[in-house]
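**Q** Read in order, the letters of the sequence shown are residues 297 to 725 in the numbering used here.
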Amino acid sequence: MIFLNPSRKPASEYTPIPSQQMIVRRYRSLSEKRQLETYFTEGLFCNHLTNFDDKNEGILQHPGGYNSLKGALAADSMRKRQRMDEDIDVASDEEFQEALDQYHRDSRRQHFANCWRLGTEEKDDIWKCYTQDDEMKSGCAVETTVGQLVAALPSRPAIQDEVGGFDPDNITETSEWNLSFTTDTCDIRFGTCRYQQEENPTQDQPAGWNAAITFFKGEDFDDEIEFRILVNPFTNNGFIESAADGTPVAFRPDLEEDPFRKLPAATEWMTNRLILAPNATEKERDKVESWLNEFGVAVGSGPDSDLEVIESTDSGTTLQDKYEYTAELAGLANYDGSVEHLEHAMGQFLTKRDWDVWPVVDLVEINSDNAGTFLEAYWHRSEDPVFEMNEYGHHDIQRVWVRRFTDPTEEPEMWKNTLAEEAEEDSGE
297 MIFLNPSRKP ASEYTPIPSQ QMIVRRYRSL SEKRQLETYF TEGLFCNHLT NFDDKNEGIL
357 QHPGGYNSLK GALAADSMRK RQRMDEDIDV ASDEEFQEAL DQYHRDSRRQ HFANCWRLGT
417 EEKDDIWKCY TQDDEMKSGC AVETTVGQLV AALPSRPAIQ DEVGGFDPDN ITETSEWNLS
477 FTTDTCDIRF GTCRYQQEEN PTQDQPAGWN AAITFFKGED FDDEIEFRIL VNPFTNNGFI
537 ESAADGTPVA FRPDLEEDPF RKLPAATEWM TNRLILAPNA TEKERDKVES WLNEFGVAVG
597 SGPDSDLEVI ESTDSGTTLQ DKYEYTAELA GLANYDGSVE HLEHAMGQFL TKRDWDVWPV
657 VDLVEINSDN AGTFLEAYWH RSEDPVFEMN EYGHHDIQRV WVRRFTDPTE EPEMWKNTLA
717 EEAEEDSGE
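1. Does E755 pass the burial test, meaning 16 or more other C-beta atoms within 10 Å, or should it be called exposed?
2. With DSSP as the reference, label V446 as helix, strand or coil.
3. Start and end of the alpha helix (DSSP H) containing E672?
4. Please go through the segment 605 to 630 and give each complete alpha helix (DSSP H) segment of 4 or more residues, from N-terminal end onward.
5. Where does E578 fall in DSSP's three states?
6. Among residues of its own chain, excluding the 5 on either side of Y621, which ones have a beta-carbon nearer than 6 Å to its beta-carbon?
7. Count the other CB atoms, across all protein chains shown, that sit within 10 Å of the CB of K579; report buried if there are 16 or more and exposed otherwise.
8. Where E636 and N663 are concerned, what is the direct C-alpha to C-alpha distance, given to the nearest angstrom?
9. Is I484 helix, strand or coil by DSSP?
10. So, helix, strand or coil for F336, using DSSP?
11. Give the DSSP-derived three-state secondary structure of C425 in the structure shown.
12. Look at the alpha carbon of I455 and the alpha carbon of V386, and state the distance between them as a whole number of angstroms.
13. According to DSSP, S691 sits in a beta bridge with which residue or residues?
14. What residues in its chain sit with their C-beta under 7 Å from that of S601, if we drop five residues either side in the sequence?
15. Among the candidates L475, G598 and Q644, whose CA atom is the shortest distance from the CA of L246?
16. From the DSSP output, read off the bridge partner residues of N528.
17. Quick check on this structure: which residue in K583, E709 and R413 has the alpha carbon closest to the alpha carbon of E328?
18. E580: beta carbon under 8 Å from a heavy atom of the ligand NAP?
19. Give the C-beta separation of L671 and L715 to the nearest angstrom, bearing in mind that I take them to be a contact with Cβ-Cβ under 8 Å.
20. For E338, which residues from the same chain have a beta carbon less than 6 Å from its beta carbon, with the 5 sequence-adjacent residues on both sides left out?
21. With 16 other CB atoms within 10 Å as the buried threshold, where does N713 fall?
22. Distance, Cα to Cα, E472 vs W654?
23. Three-state secondary structure (DSSP) at R413?
24. Please list the terminal residues of the continuous beta strand (DSSP E) segment that includes M710.
25. Specify whether the segment 430 to 447 and the segment 540 to 554 touch according to this definition: at least 3 beta carbon pairs, one from each stretch, less than 8 Å apart.
26. Express the C-alpha separation of T488 and R548 in angstroms, rounding to a whole number.
27. Please look up how many angstroms separate the CB atoms of L628 and D519, rounded, as I've assumed it's under 8 Å.
28. Does DSSP classify G461 as helix, strand or coil?
29. Keeping to the same chain, check which residues put their C-beta closer than 7 Å to that of A539; ignore five residues upstream and five downstream.
30. Look at the Cβ atom of P574, then the Cβ atom of W651, and state whether they are nearer than 9 Å.
31. With which residues is L603 paired in a DSSP beta bridge?
32. Name, in chain order, the residues that DSSP records as bridge partners for P544.
33. Using the C-alpha atoms, what's the distance from D480 back to F462?
34. Check each candidate in L414, I509, T470 and E515 and name the one with the smallest Cα separation from Q492.
35. Could you name the residues of the same chain whose beta carbon sits closer than 7 Å to that of N532, not counting the 5 residues immediately before and after it, in chain order?
36. Taking the straight line between their C-alpha atoms, what separation do you get for N301 and D383?
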């Protein structure tokens, strides 16, 4: 499993977590060597949330659990007032809402994100936007899997700073080489983004956990199908703090002029392929292979190679020539939470590829209470699939149903995990 330290809960319960086998890509420009050099020699480049074009980034439109959050903070603030022995008025509803909005803004300022796109499907808009090249020529995408990406993140700090334990009254930024899943003074999370509609009040979003809110984006960006690594170098997000009047408060860091951070990661180890942009020529291939050689990355398809440089998978034959399986994900933009949306996605997955080339298709349905339902599709090039059906999903936190198709006109083989079986028993199905 990819949960390196369950006690720290690096995966939010509100965030969909894809199977380890799900393929992810990060798009890079080839206009300057620095973009790839940073990735292969220094780690994962993380952008501050306020730098993203999506102004909804980390801002909740319809916070859920409002009353329960308010009640919990009221109880905590009462104890604080008793200790302070001061006569402080409890905040009004209007003051609480204003403080909650400020809490979200402050939480947003704590976080930096490293962003990937889920699946092997390519779209021109993605290439153009994220390689900054309208000609789709001078760009590439590095590729790995969710499991490899998470395993490449630091589980222990590389260098221990000479600082004590976490002190909420004296918060300083954790140094780059001290960031890890087990460092008490920082927080690293991962998961997919969920997309929100401003006009849809039925979509409750977590109001009181500042790590969870930063996995929400506006609907205009739902084509990204984003998986992200989220870094908070200031605090471990352990508790929601309340002021003495019962309002939520969050640390608001003072950022430097250059609001970017790097997260150490075994990027060379985890990268399987580098995909050239659809219109790249031999000139671009020669350039990127020369750069990789400079970075000490061995290019090729043999056992001694670190990664392979391949053509865009939009070319049609690259997938079947270079991939034992390919994968896509859907359901993150199911704004109505409808079964019809998921059934439509399943139908599209079954008709998308040539069955003579991809004779086995696994449709994976994954559900959890607070993260909703999403779908994964895996096309296998062999009649002996790469994965057993029980290898999908994360069985300690998710309900998983897998349908294996070998013929689109016949009933699939079905498998479900224990949590899925229990859910069906509870619902009387």
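Beta carbons are placed, not taken as given, at the ideal position from N, Cα and C, and that holds for glycine.
**A** By the coordinates alone:
1. Because the chain spans 297 through 725 in this model, residue 755 falls outside it and cannot be assessed.
2. helix
3. From DSSP, E672 is part of no alpha helix (DSSP H) but of the beta strand (DSSP E) over G668 to H676.
4. 614 to 618
5. helix
6. Y674, H676 and V682
7. exposed
8. 16 Å
9. strand
10. helix
11. helix
12. 44 Å
13. One detail in the question is off: residue 691 reads as His in this sequence, not Ser. Partner(s): none; H691 has no beta bridge.
14. A594 and V595
15. The first residue shown for the chain is 297 and the last is 725, placing residue 246 beyond what the model contains.
16. D483
17. K583
18. Here there are no bound small molecules, and the ligand NAP is not part of this structure.
19. That belief does not hold up - the Cβ atoms of L671 and L715 are roughly 17 Å apart, past 8 Å.
20. K558
21. buried
22. 44 Å
23. strand
24. E709 to K712
25. no
26. 25 Å
27. About 10 Å separates the two Cβ atoms, so there is no contact after all.
28. Residue placement at G461 cannot be trusted, given a pLDDT of 49 that sits under 50; the coordinates are not used to answer.
29. S373 and V545
30. no
31. V595
32. S538
33. At F462 the pLDDT is 48, less than 50, meaning the model places this residue with poor confidence; the figure from the coordinates comes in the next sentence. Cα-Cα distance, rounded: 6 Å.
34. E515
35. F462, D480, T481, C482 and D483
36. Low per-residue confidence applies at N301: pLDDT is 42, beneath 50, and the placement is therefore not dependable, though the value from the model is reported in the following sentence. Using only the alpha carbons, I get a separation of about 42 Å.
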